[in-house]
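**Student:**
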Amino acid sequence: MSLLADHPWLVKYTPDDGTLVDLLYVPALRCAIRYDRLTGFFSASASALALAVRGVEGLLLNGGYMRLVVGCTLEQPEIEAIAKGETLRETVERKVTAVPLDPVHSGMVDALELLAWMVAQGHLDVKIAVPCDADRKPVISTAIFHEKSGIIEDRVGDRIAFNGSLNETAAGWTRNWESLNVFTSWEDAKRLGKEEENFARIWADRAVHVLTIDVPTAVRDDLFRFLPTDTPPARIKRADAAARPSPHPGSRPGAVGASATASHRSSKAGLGVHPSCPRHTGRRRACRRGDLRRLPMAASGARL
Numbered sequence: 013m014s015l016l017a018d019h020p021w022l023v024k025y026t027p028d029d030g031t032l033v034d035l036l037y038v039p040a041l042r043c044a045i046r047y048d049r050l051t052g053f054f055s056a057s058a059s060a061l062a063l064a065v066r067g068v069e070g071l072l073l074n075g076g077y078m079r080l081v082v083g084c085t086l087e088q089p090e091i092e093a094i095a096k097g098e099t100l101r102e103t104v105e106r107k108v109t110a111v112p113l114d115p116v117h118s119g120m121v122d123a124l125e126l127l128a129w130m131v132a133q134g135h136l137d138v139k140i141a142v143p144c145d146a147d148r149k150p151v152i153s154t155a156i157f158h159e160k161s162g163i164i165e166d167r168v169g170d171r172i173a174f175n176g177s178l179n180e181t182a183a184g185w186t187r188n189w190e191s192l193n194v195f196t197s198w199e200d201a202k203r204l205g206k207e208e209e210n211f212a213r214i215w216a217d218r219a220v221h222v223l224t225i226d227v228p229t230a231v232r233d234d235l236f237r238f239l240p241t242d243t244p245p246a247r248i249k250r251a252d253a254a255a256r257p258s259p260h261p262g263s264r265p266g267a268v269g270a271s272a273t274a275s276h277r278s279s280k281a282g283l284g285v286h287p288s289c290p291r292h293t294g295r296r297r298a299c300r301r302g303d304l305r306r307l308p309m310a311a312s313g314a315r316l
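Taking this note's numbering, the leading residue of the sequence shown gets 13, the next gets one more, and so forth.
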């Protein structure tokens with residue numbers, strides 16, 4: 013596994029630099045053991061997940077973990093339902109499940125399978141962010157959760173953070189004029205620290221003007237329709253095979269490098285989460301020793 017500091021990251025990326033997914037998302041997540049993401053709009057059925065799945069595979073083969081906060085806006089009838097006694101969670105569940113996941117081609121099916129598997133194995137937690145007023149009451153769709161930012165950490169504790177106009181949609185990745193500003197823990201620790209604080213505040217539902225809730229059960233169940241029978245999914249198996257070095261002349265059949273062997277073992281074990289994962293304790297010096305402790309497979313009811 014390479015490290016984030018091994019890469020010459022630019023301070024700003026635009027389409028003139030090339031494909032943003034290939035320039036930043038994929039190579040960074042190949043180094044990653046933690047990925048925190050805030051996005052104003054995200055649809056697992058969109059082609060964005062399929063487009064960026066190589067990067068997610070890299071995160072998973074490293075035993076990594078992702079936390080995703082997705083923005084959700086409410087219309088006037090939904091605000092009125094809350095005022096009449098309906099809970100925010102009930103309102104969000106009704107809104108989101110009104111349009112069930114419906115992939116239109118095999119690439120989207122593969123993306124949903126991978127997403128469902130990540131949740132079931134404890135590699136992904138998703139929460140929903142709803143804009144609110146100063147009294148912590150939800151507001152209508154004229155106010156939207158529109159932040160797009162991310163934090164990526166590698167096995168030695170180095171981090172990069174980014175923010176910009178990029179949404180995780182197909183258009184956001186490939187067709188719009190989008191940009192990302194990037195800062196690193198070894199060159200701009202203060203700025204990166206502010207991004208960490210911002211994500212932690214929103215994730216813990218401590219922000220003043222945003223309410224953060226767990227994804228409703230009905231939404232999780234809809235996603236779990238796509239949970240693959242194979243564990244891990246075929247895309248992870250292919251990525252694992254591609255990560256193995258070509259055998260040298262004279263090597264015994266089936267021999268692989270130490271890194272790929274570890275990835276293969278982790279695939280069979282449910283890709284245990286790295287000790288610096290926010291859901292588990294562990295000191296960074298253990299990371300530097302390469303102590304990637306493997307954890308048991310998560311229960312199928314893991315939180316989405």
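Where a beta carbon is used, it is the ideal one built from N, C-alpha and C, also for glycine.
Is it buried or exposed, V319, if we count other Cβ atoms within 10 angstroms and call 16 or more buried?
**Tutor:** Outside the displayed span of the chain (13 to 316) sits residue 319, for which this structure offers no information.
**Student:** When the distance is taken between beta carbons, is V194 closer than 9 Å to L22?
**Tutor:** A contact, by the Cβ cut-off of 9 Å.
**Student:** Report the residue ranges of all alpha helix (DSSP H) runs contained in full by the segment 14-47; include only those spanning at least 4 residues, in chain order.
**Tutor:** Qualifying alpha helix (DSSP H) stretches, in chain order: 38-42.
**Student:** Would you mind reading off the limits of the alpha helix (DSSP H) that contains T229?
**Tutor:** Where T229 is concerned, the enclosing alpha helix (DSSP H) stretches over T229 to F236.
**Student:** Drop a sphere of 10 angstroms on the beta-carbon of S278, count the other beta-carbons inside from all chains shown, and report buried for 16 or more, exposed for fewer.
**Tutor:** Note that S278 has pLDDT 38, beneath the 50 cutoff, so the model's placement of it is unreliable and the number below is only indicative. Looking at its Cβ environment, which holds 16 or more other Cβ atoms inside 10 Å, S278 is buried.
**Student:** What are the residues that DSSP puts in a beta bridge with I152?
**Tutor:** Looking at the DSSP assignment, I152 forms a beta bridge with L86.
**Student:** Going by DSSP, which residues form a beta bridge with D114?
**Tutor:** In the DSSP output, where bridge partners are listed per residue, D114 has none listed.
**Student:** By a C-beta neighbour count over all protein chains shown, 10 Å radius and 16 as the cutoff for buried, is G30 buried or exposed?
**Tutor:** By the neighbour-count rule (16 or more Cβ atoms within 10 Å), G30 is not buried but exposed.
**Student:** Using a 10 Å radius around the Cβ and a threshold of 16 neighbouring Cβ atoms, would you call S118 buried or exposed?
**Tutor:** It counts as exposed.
**Student:** Which of helix, strand or coil does DSSP assign to T196?
**Tutor:** The answer is strand: DSSP assigns T196 an E or B state.
**Student:** Where do the N-terminal and C-terminal ends of the beta strand (DSSP E) with N74 fall, by residue?
**Tutor:** Counting along the chain, N74 falls outside any beta strand (DSSP E), and DSSP gives it neither H nor E.
**Student:** With a threshold of 7 Å on Cβ separation, who are the neighbours of W198 within its own chain once the five nearest residues in sequence on each side are excluded?
**Tutor:** So the list reads A17 and D170, once near-sequence residues are dropped.
**Student:** Kindly indicate which three-state DSSP category N175 falls into: helix, strand or coil?
**Tutor:** N175 falls in the strand class under three-state DSSP.
**Student:** Which of helix, strand or coil does DSSP assign to V168?
**Tutor:** In this structure, V168 counts as coil in the three-state DSSP scheme.
**Student:** Can you name the start and end residues of the alpha helix (DSSP H) that K10 belongs to?
**Tutor:** Residue numbering for the chain in the displayed model covers 13 to 316; residue 10 lies beyond these limits and cannot be assessed.
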